[in-house]
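Working notes, beginning with the structure itself.
Residue numbers (this note's numbering), protein chains in the order written: chain A, 9 to 334; chain B, 72 to 188.
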């Protein structure tokens with residue numbers, strides 16, 4: 009029974025931390041985007057706009073919630089929660105420091121990848137349930153894009169697994185105590201670059217944001233949502249993005265490794281994850297959107313074969329360096 | 072299946088968070104619907120027909136190739152774990168398996184399935 013209580017406390021702390029971080033990441037992104045465009049960004053609510061996310065959350069809580077007459081009510085109302093679950097659940101296996109996390113599963117990365125891909129179910133429910141042409145077009149594009157980029161995403165995430173020889177995320181982190189995998193000669197840099205590209209696509213960020221292309225599809229699959237349902241969808245999307253940034257920091261940047269005493273570990277981990285997040289945001293505000301056929305061509309004709317080749321090359325290197333087995 | 076209890080509890084907490092915040096919003100928010108507000112959003116004009124249309128066949132083709140390689144990904148996980156135990160033999164076996172699969176990829180490429188029309 010104490011196990012369950014411990015798990016409840018751990019889960020509660022992680023969930024609150026994730027909600028808090030994700031809420032403030034929106035401010036970070038807005039500030040960062042503003043600075044890139046020589047603007048100041050949110051400034052009025054609190055000192056330097058620091059209370060802006062709280063004001064946004066309260067505003068969305070008080071807003072009227074509109075369900076379109078034509079919508080499929082059950083699917084429409086369930087979608088925000090179904091969409092929220094994978095975005096939050098991917099944090100379950102991430103160890104924020106040695107032994108600090110909800111559950112350090114022995115198949116951690118498999119769990120992460122599987123749950124992360126489930127995001128598409130909630131997204132399509134939102135698009136289909138809205139019974140809106142923009143929303144459905146956006147959801148169709150999303151499914152197409154996410155299943156196209158899921159494979160290179162899995163293959164590049166497997167490169168650190170090969171180097172560490174374990175699917176447990178804490179083992180992958182400790183395996184980088186000597187050398188962060190991003191500094192592993194050639195393989196590390198290629199895998200990290202491919203990881204960032206597939207991350208951009210999996211999170212539907214520019215230049216892969218055809219599913220919410222503002223000039224064509226308004227807000228994409230969430231066009232009919234308002235109030236708290238809209239807030240939950242945004243929360244799920246940003247949580248997914250932050251979770252993937254944490255995964256990138258864990259797989260390639262040595263997770264909690266850093267100078268200073270051990271208790272600084274989670275701080276380093278958070279800083280590295282935010283670094284990955286800002287890298288993605290930087291790309292978002294620098295590039296233009298590309299066409300759907302180009303997006304699919306990049307994935308199927310380029311990234312898929314190249315990431316498989318990289319995986320096999322990594323396997324060969326690992327085997328040759330550890331000596332031939334049986 | 073030990074070790075999954077925290078995950079289940081965490082999942083329940085997430086669902087609880089979603090439901091509680093929606094319920095809180097239901098209590099706090101105003102509700103003053105009128106017909107124009109409940110229309111589907113579309114450029115100010117009324118929507119013609121339903122949005123639920125048939126999907127272009129291109130989506131199915133992409134999904135079919137995806138399933139082939141997704142099945143491959145399932146095999147890659149245990150392979151990645153046991154790589155150090157089996158050494159070059161494991162690399163060789165996976166290379167043969169991948170070459171067979173890449174024939175399928177080449178066929179799809181030549182048939183033009185990877186082109187988006």
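Built from N, CA and C at the ideal position, the CB exists for glycine as well. Here the structure is a predicted model, which is why all the values come from computation and not from measurement.
Original post:
Secondary structure at residue 108 of chain A, three-state DSSP: helix, strand or coil?
Top reply: Reduced to three states, the DSSP call for residue 108 of chain A is strand.
**OP:** Taking only beta carbons into account, state which residues of the region 151-169 of chain A come closer than 9 Å to chain B, listed in chain order.
**Re:** The residues in question are 151, 152, 155, 156, 158, 159, 162, 163, 166, 169.
**OP:** Using alpha carbons as the reference points, say which of A:57, A:321, A:33, A:66 lies closest to residue 195 of chain A.
**Re:** Checked all of A:57, A:321, A:33, A:66; the closest Cα to residue 195 of chain A is A:321.
Original post:
Shortest alpha-carbon distance to residue 233 of chain A belongs to which of A:190, A:81, A:26?
Top reply: Cα-wise, what sits closest to residue 233 of chain A is A:81.
**OP:** Kindly indicate if chain A contains any beta-carbon less than 8 Å away from that of residue 135 of chain B.
**Re:** No, residue 135 of chain B lies away from the interface with chain A (no Cβ there is under 8 Å from its Cβ).
Original post:
Any C-beta of chain A sitting closer than 8 Å to the C-beta of residue 178 of chain B?
Top reply: Look at residue 178 of chain B: its C-beta is not under 8 Å from any C-beta on chain A.
**OP:** Please say whether residue 88 of chain A and residue 89 of chain B have beta carbons closer to each other than 8 Å?
**Re:** Cβ distance < 8 Å, so residue 89 of chain B and residue 88 of chain A count as in contact.
Original post:
With 8 Å set as the bound, which would you pick, yes or no: does the beta-carbon of residue 88 of chain B sit closer than that to a beta-carbon of chain A?
Top reply: The beta carbon of residue 88 of chain B sits closer than 8 Å to some beta carbon of chain A.
Original post:
What are the start and end residues of each continuous alpha helix (DSSP H) run of 4 or more residues lying completely inside the region 107-170 of chain A, in chain order?
Top reply: Counting whole runs of 4 or more residues, the region 107-170 of chain A contains the alpha helix (DSSP H) stretches 116-125, 127-137.
Original post:
Between residue 179 of chain A and chain B, is there a C-beta pair that is closer than 8 Å?
Top reply: Closer than 8 Å to the CB of residue 179 of chain A there is not a single CB belonging to chain B.
Subject >> Cα-Cα separation, residue 317 of chain A to residue 54 of chain A >> reply: In this model, residue 317 of chain A and residue 54 of chain A are separated by some 51 Å (Cα to Cα).
Subject >> Contact under 8 Å by Cβ, residue 199 of chain B with residue 174 of chain B >> reply: One cannot answer for residue 199 of chain B here, as it falls past the ends of chain B, which runs 72 to 188.
Subject >> the region 122-130 of chain B in contact with the region 267-285 of chain A per 3-pair CB rule at 8 Å >> reply: Touching, no.
**OP:** Step through the CB atoms of chain A and report whether any lies within less than 8 Å of the CB of residue 166 of chain B.
**Re:** Residue 166 of chain B counts as touching chain A.
Subject >> Cβ of residue 127 of chain A within 8 Å of any chain B Cβ >> reply: No, its Cβ sits nowhere closer than 8 Å to a Cβ of chain B.
Subject >> residue 298 of chain A beta carbon less than 8 Å from that of residue 215 of chain A >> reply: It is a contact, given that the beta carbons lie within the stated cut-off.
Original post:
Roughly how far, in whole angstroms, is the beta-carbon of residue 189 of chain A from the beta-carbon of residue 260 of chain A, given that I think they are within contact range, below 8 Å?
Top reply: Between residue 260 of chain A and residue 189 of chain A the Cβ distance is about 5 Å, and since that is below 8 Å, they are a contact.
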